[in-house]
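The structure appears right after this line, and notes come after that.
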Amino acid sequence: MITTRTTIAALGFAILLIASGLAQAASFDCDAKELKPDEKAICDNRALNDADVKMVTTFELLSGLLAMGSRGTLQDEQTAWLKKRQECGADAACIKAAYDERLKQLGETYKNINRPL
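For the sequence shown, this note's numbering gives the first residue as 56, with consecutive numbering after it.
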């Protein structure tokens, strides 16, 4: 059964995903003096930058929708994913694949919000 809360959450999710496409800044400071190779590659590549914004927007939305225990799991998964992305170095194809995988994982998490884990 679809509840009002689920409908509102889905609508908010859609709005944030659309808005994230309009955003132009990565989730970190591209002007920082000491960027890691993956961060520099993201700042230098518009498609990767957009993927970063979309992923962070989705992650933040999910963090707000999940119960505390699930939020901790989501954060742990995000930390592990960031390490994996860093292992890509400046390889844009590797970074893109990492974002594609993470967005798919976050989408699955969203689909399962109202289901028992």
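For glycine and all other residues, C-beta sits at the position ideal for the given N, C-alpha and C.
Problem - Closest Cα partner of Leu129 within the set Lys151, Arg157 and Ala96 - result: Arg157
Practice task
Going by CA-CA distance only, name the one from Asp84, Ala81, Val108 and Leu120 that's closest to Lys166.
Solution key: Leu120
Problem - For Gly127 and Ala94, the rounded distance between their alpha carbons - result: Contrary to the premise, residue 94 reads as Glu rather than Ala in this sequence. Their Cα atoms are separated by approximately 24 Å.
Exercise for the section: Pull up the CB-CB distance for Ala148 and Lys139, whole angstroms please, since I reckon it's below 8 Å. Expected result: About 14 Å separates the two Cβ atoms, so there is no contact after all.
Practice task
Check whether the Cβ atoms of Ala96 and Ile150 sit closer than 8 Å, and answer yes or no.
Solution key: yes
Handout entry: Same chain, Cβ closer than 7 Å to Ala106, five either side skipped, listed in chain order
Key = Lys151 and Tyr154
Practice task
Compare the beta carbon distance of Gln141 and Lys91 with 8 Å and say whether it is the shorter of the two.
Solution key: yes
Problem - Limits of the alpha helix (DSSP H) - the one that Ser82 falls within - result: Premise fails: Ser82 is in no alpha helix (DSSP H) and is neither H nor E.
Handout entry: Among Asn169, Ala102, Val111 and Ala122, nearest to Leu161 - alpha-carbon criterion
Key = Val111
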